[in-house]
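One structure is given here, and the rest of the page talks about it.
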Amino acid sequence: MLACQRELFDIPREVAYLNCAYMSPLLRSSVAAGRGAFAGKLHPWTTTPPDFFRELEEARSLFGQLIDASSDDVALIPATSYGLAVAARNLPLGPGERVLLLDGSFPSMVYTWQARARDVGAEVVLLPRPADHDWTRTILDAIDPRVKVAALPVCHWTDGALLDLPLIASHLREAGATLAVDATQSLGVMPFDVQAVRPDFMVCATYKWLLGPYSLGFLYTAPQWQDGQPIEYNWIAREGSENFAGLTHYRDSFQPGSRRYDVGEPSNFVLLPVAIDGLRQLLAWGVENLYQTTSHLAARIVAETESLGYRAVPAERRAGHYLGLRRDGGVPDGLGAHLASRGVYASVRGTALRITPHVYNDTEDVDRLIEALEAFEA
Ligand SMILES: Cc1ncc(COP(=O)(O)O)c(C=O)c1O
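Printed below as a string of structure tokens:
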């Protein structure tokens, strides 16, 4: 377990920020890195061609370390929808075939696969939420010869319900189907081993659990998809783009590995140093330690909200760091605003009050949450 790391952030004592799943605060050090990077463009003559690749490659490598992948497997994207569009462009899908998704999936997942299915005459199947939260069984039962793609999270973004992805992935492979994962709500705080799951594509935005900036994300692509089609054709993704003088010697060949899928202008001089600082800190803390620490705080919140009628997905079916509390009659209107008025920040998603702590939180934040919930009832 890690001690509270609040001093590395800028969170006033009277704020209980329990909303990492919405948007993490940046580390103070990341903001300093970003300020310095922004000022770099006061003097563009100091930016040389190798600088277009240096931080880009470092970010790729750090993200790779987090998931046990190589830099070659990682592309830089601006949003999860971009990475999902790359997956949808490349994963085989034909008329009458099926894409499996969870009901209540994050909208970008649904819209991406609905569009792809429409284009080829395939069908999107939204699997119903199981009453016992056993999504794994629900998915395994739905795999049949028509299923060609499953587009799944590590845990459900509304309530943290956990999927057994290694098991699901092996069943999909046996059935000749592929797997696209959105790991945005778990990577950085929950261990994930790409070698164990072996997804075909996996996306992750940086502005939540990667403690990174908005408008930056990563796309993992399995080696067998690294000769596919990107969704745009930018100069820097082509082989030899390091030689700025030779850019008009147009090439068909791409930079190695997943780099062909990088968004245009991937050398994001302002945001990359911010993302790199966050990734370095996560690796220094250790993701397993982060998971233990946040799970402990979340378990305390579950125990203390039970008497107020709130229920979480049972611990054995839930990602430890992630809570979506439900109660009979639903989340009362105005609860989110009431909490915010008392300096307590959480989200309402679907039918759940989503509470997602991080290592800047402590038991004083939990007390503040409980007091605010009790005051709402009074
Ligand atoms: C499951 C999930 N995926 C992705 C995102 C972010 O998507 P985008 O990168 O398009 O902002 C969110 C944001 O809430 C999310 O909950």
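Count along the sequence shown starting at 1, add 6, and that's the number in our numbering. Note that the Cβ used here is the ideal one computed from N, Cα and C, for glycine as well. Every value quoted in this text rests on a predicted model; they were computed, and no experiment measured them.
Counting only runs of at least 3 residues, the segment 105-133 fully encloses the following beta strand (DSSP E) elements, listed from N- to C-terminal order: 129-133.
Within the segment 277-303, the complete alpha helix (DSSP H) runs of at least 4 residues fall at 277-291. Taking 8 Å as the cut-off, the Cβ atoms of Tyr-297 and Pro-197 count as close. Closest in alpha carbon position to Glu-61, among Phe-275, Ala-325, Ala-378, Gly-330, is Phe-275.
With respect to Val-153, Gln-191 sits apart: the two C-beta atoms are not nearer than 8 Å. Relative to ligand 1, the beta carbon of Phe-112 is positioned inside 7 Å of a heavy atom. Phe-275 carries a coil assignment under DSSP once its states are collapsed to helix, strand and coil.
At a threshold of 7 Å, Gln-191 counts as near ligand 1, since its beta carbon sits closer than that to one of the ligand's heavy atoms. The distance from the Cβ of Leu-48 to that of Phe-224 is about 29 Å, inconsistent with a contact at the 8 Å cut-off.
Contact between the segment 217-237 and the segment 100-110 is absent, with fewer than three C-beta pairs closer than 8 Å. Less than 8 Å separates the beta-carbon of Ala-167 from that of Arg-324. When Cβ pairs closer than 8 Å are counted between the two stretches, the segment 250-264 is seen not to touch the segment 14-30, the count staying below three.
At a Cβ-Cβ threshold of 8 Å, Ile-282 and Val-200 do not count as neighbours.
Residue pairing of Ala-358 in beta bridges, as defined by DSSP: Arg-355. In this structure, Phe-112 keeps its C-beta atom at 8 Å or more from the C-beta atom of Asp-165. Annotation: Gly-326 is outside any beta strand (DSSP E) and is labelled neither H nor E by DSSP. Exclusion of the five residues before and after Ser-76 leaves Gly-70 as the residues of its chain whose Cβ lies within less than 6 Å of its Cβ. In the assembly as shown, Ala-378 is a buried residue. Its beta-carbon has 16 or more other beta-carbons within 10 Å. For Thr-227, the enclosing beta strand (DSSP E) starts and ends at 223-227. Ligand 1 has no heavy atom closer than 7 Å to the beta-carbon of Asp-339. As computed with DSSP, Gly-330 is found in a beta bridge with Arg-360. Counting along the chain, Val-155 sits inside the beta strand (DSSP E) bounded by residues 153-159. Closest in alpha carbon position to Ala-45, among Thr-184, Leu-277, Trp-119, is Leu-277. With fewer than 16 other beta carbons inside 10 angstroms of its own, Met-7 counts as exposed.
The alpha carbon of Ala-157 has as its nearest neighbour, out of Ala-137, Ala-123, His-139, the alpha carbon of Ala-123.
Judged by pairs of C-beta atoms under 8 Å, the segment 203-215 touches the segment 85-96, as three or more such pairs exist. Remark: C-beta atoms of Leu-217 and Ser-36 approach each other more closely than 8 Å.
According to DSSP, Ile-83 shares a beta bridge with Gly-223. Scanning the segment 197-270 from its first residue to its last, the whole alpha helix (DSSP H) runs of 4-plus residues come out as 200-203. No Cβ-Cβ contact shorter than 8 Å links Ile-307 with Val-92. Looking at Glu-271, Thr-227, Ala-186, the one whose alpha-carbon comes closest to that of Ser-221 is Glu-271. For Val-126, the closest C-alpha among the options Asp-140, Glu-63, Ala-94 is that of Ala-94.
Relative to ligand 1, the beta carbon of Pro-272 is positioned no closer than 7 Å to any heavy atom.
Nearest to Gly-89 by alpha-carbon distance, out of Arg-104, Glu-370, Glu-103, Met-115, is Met-115. Its chain contains Leu-331, Arg-333 as the residues whose beta carbon lies nearer than 6 Å to that of Tyr-316, once the 5 sequence neighbours on both sides are disregarded; these appear in chain order. In the DSSP annotation of this structure, the continuous segment of the beta strand (DSSP E) that includes Val-187 starts and ends at 184-188.
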